[in-house]
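Shown next, in C-alpha cells, is the structure this report addresses.
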Amino acid sequence: MEFKITDSAQKTIRYVVLIGFVLLVVGILLNYKDAHFMTRLLTNGLINGFFFFALGLGALFFLALNYATESGWYASVKRVIEAVAGFLPYGMGLLGAVLLIITILDGAHIYIWMDNEVVKHDEIIQGKSAYLNVWFFWIRTIIYFITYFLFLRGFKKRSIEEDERGGTDLHFKNYRRGAHFLIFFAVFSSTSAWDWLMSIDVHWFSTLYGWYTFAGMWCSSMVVLVITTMYLKKLGYLPKVNESHIHDLGKWTFATSFLWSYLWFSQFMLIWYANIGEEVTYYAMRIENFKFLYFAMFIINFAFPMLILMSRDAKRNFGILTFVGLIILTGHWLDVFIMVSAGSLGANATIGLIEIGMALMVLGAFVFVILRNLTKAPLTPVNHPFLDESVHHDI
Amino acid sequence: MAEKVIYVMYDDEEVLKDGAKVLVSKGIKIAEVFSPFPIHGIDPIIGIKNTRLGIMAFLYGLTGLMLATVGMRYFMVTDWPMNIGGKPNFSYLENMLAFVPVTFEFTVLCAAHGMAITYLLANKTLPGMPAQNPDPRTTDDRFVMEIRLSDNQRLSENEIDALLKDTGFVEIDKKEIN
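Sequences listed follow chains A and B, in order.
Number 399 marks the last residue of the first sequence (this note's numbering); no jumps.
Number 161 marks the last residue of the second sequence (this note's numbering); no jumps.
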C-alpha cells in the first residue's frame, strides 16, 4: 500500500515550522546585539544539525546492523528504517553548512582550535594540531559524509531492486555491505564525535566520548523508528506489522537507553573518581552552570525508560511508548545541547526562543522529509528473503 | 485417587500444533505438552498464561539493590570508613557514585540467580529430581501431548479417542497416574 501524507499531518508540520520560524525571528530580533549572538546562533545550528543528522545516521546504522546480522523480524518495518535513514543527505547538508560557516568565521568561538590567534598562545592545542586543523578536519568530514551517503544509496537502491526481481544475491550483497558499513562506522562514529563535538572542549578529552555520543544517537533513532511505525500502524498502513514488532522496537529503545546511561555513567564515574584537574573541568563547569539541566537530563534518559518501559505490556502500549519516546527524545536533545553549548558558550548558554525556535523548525522539516520518503516506496517490501519470518514474528 | 491420562505422541511439532488447535476448538483441555525444544506459538493454543518470571526477576533485583546498599553503607561508612582516593568517607550519599558499580553487579547477580532457582523450582527440575516427562523420547525428537480425563468430564474417553484419531499422531498411550 502506498503511503500518502494526510492533510492534518501536513498542516501540523506547517504550523510547527511556522511557530519555530516566528520564535526564531523574535529570538534573533531580541538578541542580535548580544556579544555572543553569532556564537549562539551557530551553536544552535550545530546542535540541531548534529542531532537530526544523527537520527538519520542511527537509522542507517540500525539498517546495516540488521543486514549484517541477517535478522528476520525487522523485514516488515524495513521501509520505515530506510525512510528515517533517508533524512541523512538533508542532515548532512544542514550540518555541513553550519560547519562551513563556523570554519569561515575562524571557529566562531565554537571550535577555538580553528582560530590561529588562539592556537599561537595555546600549547595544548598546538600539541593536537596535527589532527585538529582545518584541512584535516574537512577531509575527515567529507570522507564521513561520502561514505555514509554511498552506503545509504546502495542500501536503498538494492531494496527497491529486490522488490522487483527478488532472489538471494541482493540479500547477500546487502549482508556484505552491512558488515562493511559496520567496520567503517565503528571507526567513524568515534572520530566524527571527536571532530564535531569533543573538539569544542578542545583542552579536554575522553576515549569514551565517541561511544557515548553513538549510544545517544542510536537510542534517539530507535525512538523515532518506533514512533513512526506506530503512527503508520495507527493510520492503517503496515498490515504485516503486529504487536511483536512494536514490542521489539520498544525493547531496542529500552536497551539503548540503558546503553547510553551505562556509558554516561562510566565516563562520569571514572573522571569523578580519578579527580585529575584537566579531566574534571568538563564536568565541573557543566555542573556549576547547568546543575539542574544536566542531572535532569540524565534522570529523564535513564529513569523514565527504565521504570516505565520495563514491563511487557508497556512496550506494547502505543500511548505509553509514544509518551516515553517523546520524553527521551527531548532528553537526548538536551544532552546534545549541553554537550555543545556548555563548551561553546559556557555559562552564557540558555534555552531561549532561538533554541526552541530552531529546534522546532528543524524538527518540522525532519518529520516532513521522513513522511515524504515514506511515500516514495511501497511500505512493505515484497521479496525480502526473511519477510515470511517477519510476518509470523511472535514474541 | 488414580486418574487416567492419555499421552499422544507426534513426530512433528507442527502436526501437534495443528492437532492441538482442532482439539481445543472441540472443547478438549490439553494439560501439558512435552517437547525437546520450545514450540513457538503453542502457549496461547493450549491456554498457558504468560510467565510471571519477569516480575520475580524485578523483585529479586530490588532485593539485591537493597542488600548491596545496606551492606556497603555498613562496611564502607559505618563500620570502617575507608579512605579511597581522598573521597569523603563519612557519607554514603556523597560517595554514591563509587558504590554504583557494585550495586549494579549485585542487583544482576541476585536477579539472575533468583530467576534460575525459581525456574528450576517451578518446573520441579532441580538437580537430582525425578524426570517429569512421560517418555524419554520427548528429550530427543518426539512431542507428547497430555490429556487428563478429569479435565474433560464433558466428553467420554471414546469421544476423545475419536477426535484424536484425525490429528496424525504416531503413538498413543494410556496410563493411570496418582
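For each residue, glycine too, the CB sits at the ideal point set by N, CA and C.
Source: prediction; values computed, not measured.
Original post:
What in chain B is Cβ-close to A/Y235, meaning under 8 Å?
Top reply: Counting from one through the first sequence, the residue named residue 235 of chain A turns up at place 231. Simply none; closest approach about 27 Å.
**OP:** Give the straight-line distance between the Cα atoms of A/Y213 and A/R169, rounded to the nearest whole angstrom.
**Re:** As a first step, residue 213 of chain A must be located in the first sequence, where it is residue number 209. As a first step, residue 169 of chain A must be located in the first sequence, where it is residue number 165. In a straight line, the C-alpha of A/Y213 is about 43 Å away from that of A/R169.
**OP:** Say whether chain B places a C-beta atom closer than 8 Å to the C-beta of A/W276.
**Re:** The sequence position of residue 276 of chain A within the first sequence is 272, counting from 1. A/W276 counts as touching chain B.
Original post:
According to the Cβ coordinates, are A/W276 and B/L76 closer than 8 Å?
Top reply: Here residue 276 of chain A corresponds to residue number 272 of the first sequence, with the count starting at 1. Here residue 76 of chain B corresponds to residue number 93 of the second sequence, with the count starting at 1. No, the pair does not count as a contact, with Cβ atoms beyond the cut-off.
**OP:** With a 10 Å radius around its C-beta and 16 neighbouring C-beta atoms as the bar for buried, classify A/Q271 as buried or exposed.
**Re:** Mapped onto the first sequence, residue 271 of chain A falls at position 267. Label assigned to A/Q271: buried.
Original post:
Closer than 8 Å, CB to CB, is A/F269 near chain B or not?
Top reply: Position 265 of the first sequence, counted from the first residue, corresponds to residue 269 of chain A. Yes, A/F269 counts as interfacial toward chain B.
**OP:** Round the Cβ separation of A/A410 and A/F149 to the nearest angstrom and send it over; I've been treating them as touching at under 8 Å.
**Re:** This structure does not reach residue 410 of chain A, given that chain A is present from 5 up to 399, and the question cannot be answered.
Original post:
Can you tell me where the beta strand (DSSP E) with B/V60 in it begins and where it stops?
Top reply: Against the second sequence, residue 60 of chain B aligns to sequence position 77. Unbroken run through B/V60: none, as it is neither H nor E.
**OP:** Output yes if chain A places a C-beta closer than 8 Å to the C-beta of B/L42; else output no.
**Re:** Translated into the one-based positions of the second sequence, residue 42 of chain B becomes position 59. Chain A, which has no Cβ nearer than 8 Å to the Cβ of B/L42, makes this no.
Subject >> Host beta strand (DSSP E) of B/E154 (start-end) >> reply: In the second sequence, residue 154 of chain B corresponds to position 171, counting from 1. Here the beta strand (DSSP E) through B/E154 covers 154 to 160.
Subject >> Under 8 Å by beta carbon: chain A residues contacting B/G37 >> reply: Locating residue 37 of chain B in the second sequence gives position 54, counting from the first residue. Chain A residues near B/G37: S315, R316.
Original post:
Does the beta-carbon distance from A/G220 to A/D38 come in below 8 Å?
Top reply: As a first step, residue 220 of chain A must be located in the first sequence, where it is residue number 216. As a first step, residue 38 of chain A must be located in the first sequence, where it is residue number 34. Against a cut-off of 8 Å, the Cβ pair of A/D38 and A/G220 comes out as no contact.
**OP:** State yes or no: is the beta carbon of A/M301 nearer than 8 Å to at least one beta carbon in chain B?
**Re:** Indexing the first sequence from 1 puts residue 301 of chain A at position 297. A/M301 does not count as touching chain B.
Original post:
For A/I332 versus A/I358, is the C-beta distance shorter than 8 Å?
Top reply: Counting from 1 along the first sequence, the entry for residue 332 of chain A is found at position 328. Counting from 1 along the first sequence, the entry for residue 358 of chain A is found at position 354. Taking 8 Å as the Cβ cut-off, A/I332 and A/I358 do not qualify as a contacting pair.
**OP:** Flag this pair as yes or no: are the beta carbons of B/E154 and B/M(-8) separated by less than 8 Å?
**Re:** Here residue 154 of chain B refers to the residue found at position 171 when the second sequence is read from its first residue. Here residue -8 of chain B refers to the residue found at position 9 when the second sequence is read from its first residue. Cβ atoms of B/E154 and B/M(-8): closer than 8 Å.
Subject >> Option in A/A346, A/N352, A/W337, A/T384 with minimal Cα separation from A/L364 >> reply: For the purposes of this step, residue 364 of chain A is taken as residue 360 along the first sequence, with counting starting at 1. Nearest option by C-alpha distance: A/W337.
**OP:** Only counting runs of 3 or more residues, tell me where the beta strand (DSSP E) segments fall wholly within the region 234 to 269 of chain A, in order along the chain.
**Re:** none
Subject >> Range of the contiguous alpha helix (DSSP H) that encloses A/I355 >> reply: Translated into the one-based positions of the first sequence, residue 355 of chain A becomes position 351. Per DSSP, A/I355 belongs to no alpha helix (DSSP H) and is neither H nor E.
**OP:** Tell whether a beta-carbon distance below 8 Å holds between A/L267 and A/F54.
**Re:** Taking the first sequence and counting its residues from 1, one reaches residue 267 of chain A at position 263. Taking the first sequence and counting its residues from 1, one reaches residue 54 of chain A at position 50. No. Outside cutoff.
**OP:** Check the Cβ-Cβ distances between A/M226 and every residue of chain B, and say whether any is below 8 Å.
**Re:** Numbered from 1 along the first sequence, position 222 holds the residue referred to as residue 226 of chain A. No, A/M226 does not count as interfacial toward chain B.
Subject >> Range covered by the alpha helix (DSSP H) that runs through A/K37 >> reply: Position 33 of the first sequence, counting from 1, holds the residue named residue 37 of chain A. Note, A/K37: premise wrong, no alpha helix (DSSP H); not H, not E.
Original post:
Any contact of the region 41 to 49 of chain A with the region 186 to 200 of chain A, i.e. 3+ C-beta pairs under 8 Å?
Top reply: no
Subject >> Per-residue DSSP class, three states only, for B/V(-9) >> reply: For this step, residue -9 of chain B is matched to residue 8 along the second sequence. Correct three-state label for B/V(-9): strand.
Subject >> For B/A40 and B/M98, believed in contact at Cβ under 8 Å, the rounded distance >> reply: Working through the second sequence from its first residue, we reach residue 98 of chain B at position 115. Working through the second sequence from its first residue, we reach residue 40 of chain B at position 57. With 8 Å as the limit, B/M98 and B/A40 qualify as a contact, their Cβ atoms being about 5 Å apart.
Original post:
Can you tell me the Cα-Cα spacing of B/L(-1) and B/S133, whole angstroms?
Top reply: By one-based count along the second sequence, residue -1 of chain B stands at place 16. By one-based count along the second sequence, residue 133 of chain B stands at place 150. Cα to Cα, B/L(-1) sits roughly 22 Å from B/S133.
Subject >> Which residues DSSP lists as bridging B/V127, in chain order >> reply: Your numbering for residue 127 of chain B matches position 144 in the second sequence. Beta-bridge pairing links B/V127 to B/M(-8), B/F17.
Original post:
Can you tell me whether A/L367 is buried or exposed, with buried defined as 16 or more other CB within 10 angstroms of its CB?
Top reply: Within the first sequence, numbered from 1, the residue matching residue 367 of chain A stands at position 363. Buried.
Subject >> Chain-ordered neighbours of B/L146 on chain A, where CB pairs are closer than 9 Å >> reply: In the second sequence, the residue the question calls residue 146 of chain B occupies position 163. Within chain A, no residue comes near B/L146; the closest Cβ sits about 26 Å away, beyond 9 Å.
Subject >> CB-CB length for B/A3 against B/I13, believed under 8 Å >> reply: In the second sequence, counting from the first residue as 1, residue 3 of chain B sits at position 20. In the second sequence, counting from the first residue as 1, residue 13 of chain B sits at position 30. Confirmed, about 6 Å.
Original post:
A/I85 and A/H251: beta carbons closer than 8 Å?
Top reply: Sequence index remark: in the first sequence, residue 85 of chain A carries index 81 (1-based). Sequence index remark: in the first sequence, residue 251 of chain A carries index 247 (1-based). No, the Cβ-Cβ distance between A/I85 and A/H251 is not below 8 Å.
**OP:** Could you say which of B/I160, B/K158, B/T150, B/K157 lies nearest to B/E(-3) if we only look at CA atoms?
**Re:** The residue you call residue -3 of chain B lines up with position 14 of the second sequence. B/E(-3) has its Cα closest to that of B/T150, out of B/I160, B/K158, B/T150, B/K157.
Subject >> Through-space distance from B/P84 to B/N72, alpha-carbon basis >> reply: As a first step, residue 72 of chain B is located in the second sequence; it is residue number 89 there, counting from the start. As a first step, residue 84 of chain B is located in the second sequence; it is residue number 101 there, counting from the start. Approximately 17 Å between the Cα atoms of the pair.
**OP:** Could you tell me the boundaries of the alpha helix (DSSP H) in which A/H175 lies?
**Re:** In the first sequence, residue 175 of chain A corresponds to position 171, counting from 1. Taken as a continuous stretch (DSSP letters only), the alpha helix (DSSP H) holding A/H175 covers 173 to 200.
Original post:
Where in the region 54 to 107 of chain B do unbroken runs of the alpha helix (DSSP H), each at least 4 residues long, occur, reported from the N-terminal end onward?
Top reply: 79 to 105
Original post:
Under a Cβ-count criterion, where at least 16 other Cβ atoms within 10 Å of its own Cβ denotes burial, should B/E140 be classed as buried or exposed?
Top reply: On the second sequence, position 157 is the one that residue 140 of chain B refers to. Per the 10 Å Cβ criterion, exposed.
Original post:
Relative to the C-alpha of A/G111, which residue among A/V81, A/W142, A/Y94, A/G95 is closest?
Top reply: Locating residue 111 of chain A in the first sequence gives position 107, where the first residue counts as 1. Measuring from the Cα of A/G111, the nearest candidate turns out to be A/W142.
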